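Working notes for the structure below.
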Amino acid sequence: MNLRQLRAFVLIAEHRSIRAAARALFVTQPAATRSLRELEQSVGAELVRRSAKGVELTAYGEALYKRAVLILQEARKAQEEIGQMRDGEGGTLNLAISSAALTVLPAALAAFRARMPRVAVAFNEVAPPYSHEQLESGRYDFLVQTEYDGEIDDGFTRTTLFSLPLAVGARAGHPLRGARSLADLVDALWLLPGNIQAPANLLRLAFDAHKLPPPRDVIPCQSIAVALALIAESDALGIFVRNLFDHQLLPRGLRMVPLDHALPAARVSILTRAGSPPTPAAQCFIDCLREAQALPRRASTRSRPSPSAPAATDTACSGCASRRANRTARTAAG
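Everything in the sequence shown is counted per my numbering, starting at 953 for the first residue and increasing by one.
Pasting the structure below:
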């Protein structure tokens, strides 16, 4: 078993076609078929079978596919990690970000690009369970996720980045805009941005705390943009991070409902895969997120750290100083 065979097998499984996998690999179809057959001989089992729908995985193939994806991602990360340790170069950092992290993301990204300018970054929106599957498979380096429940045991390692006060939002002119109690909002229409389960849990926790039945008229919406547009143009209510109102929600026509009691706070957590240490680039970005949270709020959206600032660059990111030392040594040797 080798990486070439596993790469061919994974692409065959994902494309459901040997011909399409061969094109993706830039090899001939017989070469892709040969890699598959060699892998089947190596594991001693039939991994795929042809059907009217194309190539389908056998039970053995399904079992190997999950492991193969993880092996390939870990091999990619290992190669990138060497480059990042050596000179800060190499690879793409893939992460999924909750909208609640928008308050710290601009400053964190600016700091990261100053420290590791040759590492590409790809942002995705957190959308469980898909984003969790991507993290488990190694395709995402980490998630920054908003959570509302207590302890969660799903196999991921969690680090709380910060907690956020929440507020109910409504369009300007909403008939319930001046409500002071959750009891006034039980029969309202709620449109909850985010994945289906978490906001619904938050709503239940908030109403349970005041011995009220949770609202029944609830529409989940995984697209933040769609949710904002609908709430701004309808009588639906939403739950938002409180400090997003001033700069992002007010210009969209949304107003805070002035309740007399606070909602449960949201917890913004960094999720990594247990047993898989982050690459230097991933650790650097995590460090940048923590630093951005510690900055005054004015700096979180406006300031851009200077690459020449030694204190911020040398001490905040583990490994940055050693990478510069490696580059200096190679330059001197050359």
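No residue lacks a Cβ here, since even glycine has one placed at the ideal position from N, Cα and C.
As the structure is a computational prediction, the values presented were derived from the model and not from experiment.
Please go through the same chain and pick out, in chain order, the residues whose beta-carbon is closer than 6 Å to the beta-carbon of residue i, but skip the five residues on each side of it.
i: Arg-1250; result: Interpretation of Arg-1250 is limited by its pLDDT of 47, a score under 50 that renders its predicted location unreliable; no figure is taken from the coordinates.
i: Gly-1006; result: Arg-968, Ser-969
i: Ser-1221; result: Gln-1097, Glu-1099, Arg-1110, Thr-1112
i: Pro-1166; result: Leu-1155, Arg-1156, Phe-1159
Who are the near neighbours of residue i in its chain, counting only those whose CB is closer than 7 Å to its CB and skipping five residues on each side?
i: Ala-1179; result: Leu-1143, Pro-1145, Cys-1173, Gly-1190
i: Arg-956; result: Ser-987
i: Thr-985; result: Ile-970
Just grab the DSSP bridge partners of residue i for me.
i: Pro-1172; result: Leu-1144
i: Ser-1221; result: Gln-1097, Thr-1112
i: Leu-1196; result: Bridge partners of Leu-1196: none, in fact.
i: Met-1208; result: Gly-1121
i: Glu-998; result: Paired residue(s): none; Glu-998 is not in a bridge.
i: Phe-939; result: Residue 939 is absent from the model: the chain starts at 953 and stops at 1286.
Rounded to the nearest angstrom, what separates residue i and residue j at their Cα positions?
i: Phe-1075; j: Ala-1048; result: 6 Å
i: Leu-1164; j: Phe-1197; result: 26 Å
i: Pro-1069; j: Val-1096; result: 21 Å
i: Val-1120; j: Leu-1113; result: 23 Å
i: Asp-1106; j: Thr-1055; result: 26 Å
i: Leu-1157; j: Ala-1214; result: 12 Å
i: Glu-1032; j: Met-1208; result: 45 Å
i: Leu-1182; j: Arg-1132; result: 23 Å
i: Thr-1265; j: Pro-1203; result: In this prediction, Thr-1265 has a pLDDT of 42, which is less than 50 and means its spatial position is unreliable; nothing more can be read from the coordinates.
i: Ile-1171; j: Ala-1140; result: 11 Å
i: Val-995; j: Asn-954; result: 11 Å
i: Leu-1087; j: Leu-1057; result: 19 Å
i: Leu-974; j: Pro-1081; result: Before going further, note that residue 974 is Ala rather than Leu in the sequence given. Computed Cα separation, rounded: 30 Å.
i: Arg-1242; j: Ser-1115; result: 12 Å
i: Phe-1192; j: Arg-1219; result: 13 Å
i: Ala-983; j: Asp-1169; result: 56 Å
Which same chain residues end up closer than 8 Å to residue i when comparing Cβ atoms and leaving out the 5 residues on each side of it in sequence?
i: Glu-1026; result: Gly-1090, Ser-1228
i: Ala-999; result: Checking the displayed sequence, the identity of residue 999 turns out to be Leu instead of Ala. Only Phe-961, Leu-988, Leu-991, Glu-992, Leu-1009, Thr-1010, Tyr-1012, Gly-1013, Leu-1016 meet the Cβ criterion.
i: Ala-1135; result: His-1162, Leu-1164
i: Val-1021; result: Val-962, Ser-1089, Gly-1090, Arg-1091
i: Arg-1001; result: Val-1007, Glu-1008, Thr-1010
i: Ala-1226; result: Gly-1107, Phe-1108, Thr-1109
i: Gly-1043; result: Arg-1028, Lys-1029, Gln-1031, Glu-1032, Gly-1035, Gln-1036, Val-1071, Ala-1072, Thr-1231, Ala-1233
Rounded to whole angstroms, how far is the Cβ of residue i from the Cβ of residue j, which I believe are closer than 8 Å?
i: Arg-1129; j: Glu-1185; result: About 15 Å; that fails the 8 Å criterion.
i: Arg-1194; j: Leu-1118; result: 6 Å
i: Ala-1053; j: Cys-1240; result: At roughly 12 Å, the Cβ-Cβ gap does not stay under 8 Å, so Ala-1053 and Cys-1240 are not in contact.
i: Phe-1094; j: Leu-977; result: Contact flag wrong, Cβ pair sits at about 29 Å.
i: Ala-1217; j: Ala-1063; result: So it is not a contact: roughly 26 Å between Cβ atoms.
Exercise for review: Ignoring anything shorter than 3 residues or poking outside the segment 1006-1030, list the beta strand (DSSP E) runs there in chain order.
Suggested key: Qualifying beta strand (DSSP E) stretches, in chain order: 1006-1009.
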